[in-house]
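Asks: Have a look at this one before I ask anything.
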Ligand SMILES: Nc1ncnc2c1ncn2[C@@H]1O[C@H](COP(=O)(O)OP(=O)(O)O)[C@@H](O)[C@H]1O
Ligand SMILES: Nc1ncnc2c1ncn2[C@@H]1O[C@H](COP(=O)(O)OP(=O)(O)O)[C@@H](O)[C@H]1O
Ligand SMILES: Nc1ncnc2c1ncn2[C@@H]1O[C@H](COP(=O)(O)OP(=O)(O)O)[C@@H](O)[C@H]1O
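Chains as they are written, first to last, in this note's numbering: chain A, 11 to 413; chain B, 11 to 413; chain C, 11 to 413; chain D, 140 to 253; chain E, 140 to 253; chain F, 140 to 253.
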């Protein structure tokens with residue numbers, strides 16, 4: 011067993027864990043004050059629900075032998091996974107359970123950006139269980155569990171398809187089915203929370219990407235570097251475009267840009283160098299910025315731009331991996347290295363994920379909407395009053411003497 | 011020296027350090043706005059005071075050879091502890107000083123949940139020094155320094171007795187002696203702070219529990235996993251009970267439940283597997299939820315439910331360790347493994363801690379109350395105005411143009 | 011390659027990264043509510059801008075062979091730096107790029123404490139690029155890149171001169187040139203943010219100082235310990251002085267004191283033991299406290315006391331390293347060990363940095379002020395209205411129903 | 140000159156503002172208040188989630204506008220139409236006579252300063 | 140109809156609210172304000188903790204209730220009894236005549252709308 | 140007795156407070172409000188930074204002070220002089236007659252309680 015690698019994987023898992031509360035603040039700061047607690051809860055409760063699903067059957071469905079499409083139930087309840095590292099293991103096998111659990115937690119939480127300020131919380135709890143089981147575990151199996159995407163030779167270092175394209179397209183389905191907010195706000199309720207959340211996400215992403223090397227080695231170090239470079243470049247690009255268009259560089263824009271950069275570098279983190287990261291980050295800032303604008307014009311109320319940032323950003327990252335791959339790292343050449351083959355493979359993996367997750371999420375939500383007592387949407391009165399009080403009996407902050 | 015283990019212990023120490031500011035926000039969000047800074051300061055100043063006590067004499071009293079009950083003064087000022095790792099050391103000896111220091115810091119800070127919104131800050135500074143010396147160091151010695159609890163063979167992986175039962179019962183003594191608040195509030199002043207604090211606590215607890223393996227090994231990995239599972243299960247359990255009882259799942263409830271789960275898994279983290287953690291977490295959510303209700307009925311003003319969460323949660327964890335222990339991990343069988351012996355040992359260790367800490371804390375506070383110029387309670391006028399202004403000359407937040 | 015050391019360096023880099031958002035909150039909490047976002051952005055955008063500068067040419071200028079004064083352009087775009095660790099490397103060479111990048115990011119952000127609430131944001135973006143290039147990289151070269159300070163044998167373990175003295179004196183130049191605020195406020199807008207920021211800084215500083223050992227070894231462990239001791243002691247010292255002078259111990263004071271302690275221990279973290287750290291921390295609390303008072307009397311509007319805390323604290327730390335050095339650690343004796351030589355060397359390194367950075371920063375800002383379209387200061391109307399709205403079109407928090 | 144003080148549900152403030160501008164009002168200001176009336180109040184979870192309690196007071200918006208006497212009916216109608224839901228807790232409008240108005244910028248006083 | 144505006148210490152707001160309901164008031168609203176009067180103000184620590192300064196203004200609660208004329212004495216008494224501490228800074232009550240009240244929900248006006 | 144309600148730019152509140160005390164005012168209170176008038180409003184960035192929108196409402200401070208009738212001109216002058224910038228959005232002053240003032244601490248009523 012390699013204690014250094016084990017140490018790094020524990021650290022990386024803790025960092026990825028922290029991303030979900032970070033997301034809670036990132037999203038929470040963007041909504042209106044009356045929905046702040048509700049928005050935070052969408053992410054926070056995902057930690058609770060998905061952790062349980064994961065150890066009970068999620069891990070097994072994702073990483074069980076199974077077939078090309080999905081794992082099996084051989085490791086239900088983590089049954090049969092050794093507690094101790096065997097000879098020759100780089101780390102104890104439970105490391106995979108832990109590290110992957112954190113990915114499983116954050117992915118559905120990402121989707122909630124599309125449906126905040128109106129989605130029914132009790133239905134969401136059920137959605138979490140179903141979506142993790144029916145969509146997250148299979149797609150993970152495709153990419154990392156020996157499924158068709160990995161068979162094809164697609165490069166997805168840290169989960170651009172599994173996490174971001176997956177969540178991004180699910181967000182579209184959710185936004186379409188839950189419908190528009192009655193009265194979306196103009197300004198975020200708390201910009202410091204947005205920045206705090208983005209900073210925690212960025213921090214956690216070092217664990218996400220550099221941890222995906224599954225070792226404390228040169229790949230991890232390179233992944234760490236390119237993660238930071240892409241995020242910084244995308245954040246600055248976004249801020250500058252915004253400054254050129256409006257004369258102002260807002261903190262929300264820079265934070266969103268940085269997240270877009272992090273999304274885009276995710277699949278590429280094991281395959282490109284710092285200069286590739288500059289290009290990917292620049293592309294992410296540029297493309298996602300205009301994707302936000304464009305999608306707003308469609309009238310779909312993807313409240314916090316999940317598709318523009320994670321979906322489009324994820325697709326850009328997935329394709330860019332096929333463009334900027336450095337063969338010294340990934341062992342294959344990208345488009346810049348003269349080969350278009352990898353780009354084709356990348357495109358197929360993206361479209362497979364888009365199709366499956368989009369359609370399956372749509373079906374799940376469509377059914378949940380029809381089940382009596384469930385439904386996707388809180389009542390109009392509750393939406394108007396704000397979901398913090400209506401759903402949780404809480405208020406973000408209270409400062410009157412009477413309390 | 012094992013650099014991987016050293017790396018992990020440094021990381022774990024940093025994570026545990028971060029718990030105390032996390033606690034500051036967890037507690038700070040729960041009080042009324044006029045006591046927010048004061049509540050934060052109770053935790054934050056513990057970092058300053060206890061760090062100094064610890065290197066001067068606390069570590070020596072806890073880990074010095076001494077006798078069955080307490081260490082000695084042989085390592086006052088860290089005297090005689092080698093700066094460099096000797097041959098065969100897994101890590102440099104100062105790692106123990108650092109890692110244990112973070113535990114010493116957070117324990118008295120936990121107590122403050124019982125006494126917020128009315129306790130005298132200057133007395134608290136003195137209390138910190140005395141309590142750390144007279145109670146924390148000896149109890150630590152019992153469990154980890156070669157004292158009677160470890161002699162007995164009790165299992166306390168990461169400090170269920172030392173930290174949680176200890177702080178929980180001290181909280182009872184404090185709540186009784188300082189008396190009820192004149193006018194407790196209805197709602198927490200800042201729910202996002204509560205969630206932020208809980209998230210940081212959860213994150214830090216990975217260092218707390220997985221770090222207690224004192225190595226980057228299979229025990230650490232298992233501890234990490236069970237920590238997350240127990241917290242998630244307890245949080246969800248609490249939330250669901252609350253939903254059933256009131257129709258609403260509040261963020262404060264889920265956050266408190268998660269903390270209860272973290273408390274309960276602490277002693278068990280080196281002895282149970284993920285399925286045991288599910289059971290322990292479920293138990294923690296259930297038991298602590300009703301403990302809160304019950305203790306409220308007694309009329310004791312343990313303001314932030316320290317005893318219900320850390321005391322009862324700690325006792326549950328201590329006993330549950332004797333129930334769910336897996337001999338593959340702990341080397342002994344628990345009740346489920348067919349042996350009641352360990353359960354008995356666990357019970358004795360819990361009651362020993364309860365008795366000593368409860369009585370000794372009572373005596374310390376009783377004396378501090380009588381000393382002229384000290385006393386336990388701020389004046390009524392100051393309590394009414396709020397301790398932020400009265401004690402610290404600060405306000406949580408200020409937003410009038412005049413500033 | 012040593013995976014343990016690599017793991018620790020990745021972790022340390024992540025921790026140092028987190029310091030800059032921490033600084034954003036530390037500074038953000040201290041200004042008035044109408045400048046909160048702007049103040050946060052000064053730090054946050056430094057991550058974006060300096061990351062890019064660093065990989066493009068900053069690292070090369072700092073660590074390229076070059077001469078005694080500055081590096082060269084041999085590693086522009088990280089050209090020629092191996093992606094994989096060579097035989098005998100303790101870690102992959104990109105670790106140096108990453109770890110040092112985080113230092114390069116935070117240093118100019120530190121300066122902004124002097125100029126908040128009135129500095130022109132667009133000019134700041136340009137200033138960031140120039141200052142990093144012309145001042146940060148050369149001074150880093152002096153100390154760690156083989157320049158004259160390291161030749162001289164000065165001890166600067168984690169960057170007391172490079173980061174703190176450097177930023178501290180640059181802050182003086184900035185405060186002088188940008189001029190006083192029209193109407194400085196009385197109270198910080200958000201004390202919890204100040205504490206959160208200080209806690210994150212403290213946490214990150216474990217990476218900063220213990221990471222500067224460049225290994226997971228005994229030096230790292232000792233650095234971690236002394237970092238905590240010095241911060242705790244300085245925080246408590248500051249709090250107690252404040253309590254004696256005013257009857258109140260404010261959270262802002264304790265937080266500032268802790269930061270002063272962290273600054274002071276930075277150069278000494280590889281050279282002193284815990285008792286030395288107590289002395290350095292106590293000195294930092296005492297000296298910086300009165301430095302703040304004194305500098306206020308000069309009438310210079312160094313808004314958030316950057317010079318008093320980082321400049322004076324850095325100088326104290328630099329000299330104290332020459333006093334309390336333990337030869338077992340640093341290989342040389344300090345004043346207490348009977349040799350004044352090291353103290354002299356330390357003093358020269360401090361004054362060299364003060365002179366160069368002070369003068370060069372002054373010149374840079376002086377020129378930026380004169381360039382048409384740039385200038386250092388926002389308009390009076392914008393300053394009155396607050397820079398959040400004027401510069402970023404955002405408000406820290408919004409809670410009116412209309413939103 | 141009359142001062143109209145209207146209390147209503149916070150989520151109506153944009154609608155009321157628009158409606159007022161349409162009714163020819165030249166200016167107003169508003170703020171969050173805590174209001175208590177016949178409305179049952181809002182249910183809040185207390186303690187750690189074991190009970191809910193009805194907080195009798197609930198969040199309201201207080202909007203104030205000064206108008207000339209002849210606009211009273213139009214303005215009241217504008218507010219009522221934009222803020223009425225028909226449920227208890229819709230709010231109140233209070234009308235007070237005021238004796239003078241001064242515009243800070245110009246110093247002009249009386250009706251023309253409104 | 141009278142409008143009663145009462146300024147008092149924030150920690151008294153629950154007591155005042157109860158006392159008002161007991162006195163038969165049907166509704167009111169309140170908010171945080173910053174108040175300045177004869178009271179010395181509150182001591183705040185300035186800078187990094189080296190000095191304190193007296194911030195002349197201090198936090199107060201402003202509560203407003205509209206009542207019928209005959210309840211004036213009872214209401215004033217209710218507020219005074221619930222908010223008096225006897226120390227400087229207890230606050231003030233201002234009474235203004237108002238000319239009309241409209242209930243948004245029903246549109247009814249005058250005394251019955253209070 | 141007159142109640143003076145003044146709305147002005149938030150950054151002027153210290154200046155107005157000083158000016159009022161100089162004019163012999165004994166007490167006042169103020170709070171943040173959102174105000175809308177002729178002023179264009181403030182430009183806010185919307186969405187993720189692609190557009191700006193003019194938020195018609197902007198932050199203002201509302202200050203209230205009760206004074207005896209003879210001080211009206213001095214007080215209005217004090218406020219105007221301390222808060223005027225000459226740009227649109229400087230604010231308004233409204234004057235209302237009030238019928239009574241009670242000091243909570245002593246119970247005294249009328250002019251002497253102001
Ligand atoms: N007499 C009053 N004085 C001041 N404010 C009042 C008064 N009565 C009601 N209000 C305000 O109006 C709001 C709505 O009143 P309420 O009695 O709940 O409903 P409704 O007006 O629909 O009967 C209350 O929350 C309170 O803020
Ligand atoms: N003339 C006034 N106009 C408006 N508010 C006033 C006036 N005088 C006092 N206040 C308010 O009443 C509060 C208490 O007044 P103060 O003079 O400090 O104490 P007391 O009323 O006990 O003499 C002040 O903080 C202020 O908010
Ligand atoms: N009729 C009114 N009633 C209440 N408040 C008003 C009225 N007119 C203006 N105000 C307030 O005064 C502020 C300034 O008014 P505005 O028309 O923008 O500028 P000016 O007074 O310089 O012409 C507004 O933001 C609003 O808060």
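All residues carry an ideal CB built from backbone N, CA and C; glycine is no exception.
For residue 83 of chain B, I'd like the list of residues in its chain whose CB is within less than 8 Å of its CB, leaving aside the five on either flank, ordered along the chain.
Replies: Excluding positions up to five away in sequence, the list reads 67, 70, 71, 74.
Asks: As a quick exercise: from B:40, B:254, B:53, pick the residue whose alpha carbon is nearest that of residue 29 of chain B.
Replies: Out of B:40, B:254, B:53, B:53 has the C-alpha closest to the C-alpha of residue 29 of chain B.
Asks: Is residue 203 of chain F near ligand 2 - that is, is its Cβ less than 7 Å away from at least one heavy atom of it?
Replies: True, at least one ligand heavy atom lies under 7 Å from that Cβ.
Asks: Looking only at its own chain, which residues have a Cβ that is under 7 Å from the Cβ of residue 297 of chain C, when we skip the five neighbours before and after it?
Replies: Same-chain partners within the cutoff: 322, 326.
Asks: Given this structure, state the Cα-to-Cα distance separating residue 332 of chain C from residue 39 of chain A, to the nearest angstrom.
Replies: Those two C-alpha atoms are separated by around 47 Å.
Asks: Considering only their Cβ atoms, is the gap separating residue 243 of chain E from residue 167 of chain D smaller than 8 Å?
Replies: In this structure, residue 243 of chain E does not lie closer than 8 Å to residue 167 of chain D by Cβ.
Asks: Relative to the C-alpha of residue 179 of chain E, which candidate in E:189, E:238, E:226, E:188 has its C-alpha closest?
Replies: Residue 179 of chain E has its Cα closest to that of E:226, out of E:189, E:238, E:226, E:188.
Asks: Using the three-state DSSP reduction, which class does residue 239 of chain F fall into: helix, strand or coil?
Replies: In this structure, residue 239 of chain F counts as strand in the three-state DSSP scheme.
Asks: Got a sec: which bits of the region 150-178 of chain B sit with their beta carbon under 8 Å from any beta carbon on chain D, in order along the chain?
Replies: Going along the region 150-178 of chain B in chain order, one finds no residue with a Cβ nearer than 8 Å to chain D.
Asks: If you draw a straight line from the alpha carbon of residue 50 of chain B to that of residue 34 of chain B, how long is it in whole angstroms?
Replies: Rounded to the nearest angstrom, the two C-alpha atoms are 4 Å apart.
Asks: Shorter than 7 Å, the distance from the beta carbon of residue 142 of chain E to the closest heavy atom of ligand 2, or not?
Replies: No - ligand 2 has no heavy atom lying nearer than 7 Å to the Cβ of residue 142 of chain E.
Asks: Name the chain D residues that come within less than 7 Å of residue 410 of chain A, Cβ to Cβ?
Replies: Those within 7 Å of residue 410 of chain A in chain D are 173.
Asks: Check each residue of the region 244-261 of chain A: if its Cβ is closer than 7 Å to any Cβ of chain F, include it; give the result in chain order.
Replies: Those residues of the region 244-261 of chain A that come within reach of chain F (Cβ to Cβ, closer than 7 Å) are 248, 252, 255, 256, 258, 260.
Asks: Between the alpha carbons of residue 211 of chain D and residue 141 of chain D, how many angstroms are there, rounded?
Replies: C-alpha separation (whole angstroms): 8 Å.
Asks: Strictly by DSSP, which residues pair up with residue 248 of chain E?
Replies: Note: residue 248 of chain E sits in a beta bridge opposite E:241.
Asks: In three-state terms, what does DSSP make of residue 181 of chain A?
Replies: Three-state result, residue 181 of chain A: helix.
Asks: Less than 7 Å between C-beta atoms, sequence neighbours within five positions excluded: which residues of the same chain meet that for residue 188 of chain A?
Replies: If we look at residue 188 of chain A and ignore the five residues flanking it on each side, its Cβ neighbours are 125, 128, 129, 386, 387.
Asks: So is the beta-carbon of residue 200 of chain D under 7 Å away from any non-hydrogen atom of ligand 3?
Replies: Because no heavy atom of ligand 3 lies under 7 Å away, the Cβ of residue 200 of chain D does not count as near it: no.
Asks: For the region 180-197 of chain D, list every residue whose C-beta sits within 8 Å of some C-beta in chain B, in sequence order.
Replies: Here the close residues are 182, 183, 184, 185, 186, 187, 188, 189, 190, 191, 192, 194.
Asks: Going residue by residue through the region 192-222 of chain F, where are the continuous alpha helix (DSSP H) segments of at least 4 residues, counting only ones entirely within it?
Replies: 211-222, all fully within the region 192-222 of chain F.
Asks: Given this structure, state the Cα-to-Cα distance separating residue 272 of chain C from residue 116 of chain B, to the nearest angstrom.
Replies: Whole-angstrom Cα-Cα distance: 20 Å.
Asks: Per DSSP, what are the beta-bridge partners of residue 59 of chain B in this structure?
Replies: Partner(s): none; residue 59 of chain B has no beta bridge.
Asks: Which residues bound the beta strand (DSSP E) around residue 173 of chain D?
Replies: From DSSP, the beta strand (DSSP E) with residue 173 of chain D extends over 167-175.
Asks: Chain F beta carbons: is any one of them nearer than 8 Å to that of residue 231 of chain E?
Replies: Yes - at least one Cβ of chain F is within 8 Å of the one on residue 231 of chain E.
Asks: Does chain E have any CB closer than 8 Å to the CB of residue 135 of chain B?
Replies: Answer no: the Cβ-Cβ gap between residue 135 of chain B and chain E never drops below 8 Å.
Asks: Give me the DSSP bridge partner(s) of residue 157 of chain E.
Replies: Partner(s): none; residue 157 of chain E has no beta bridge.
Asks: Where do the N-terminal and C-terminal ends of the alpha helix (DSSP H) with residue 104 of chain B fall, by residue?
Replies: Where residue 104 of chain B is concerned, the enclosing alpha helix (DSSP H) stretches over 104-121.
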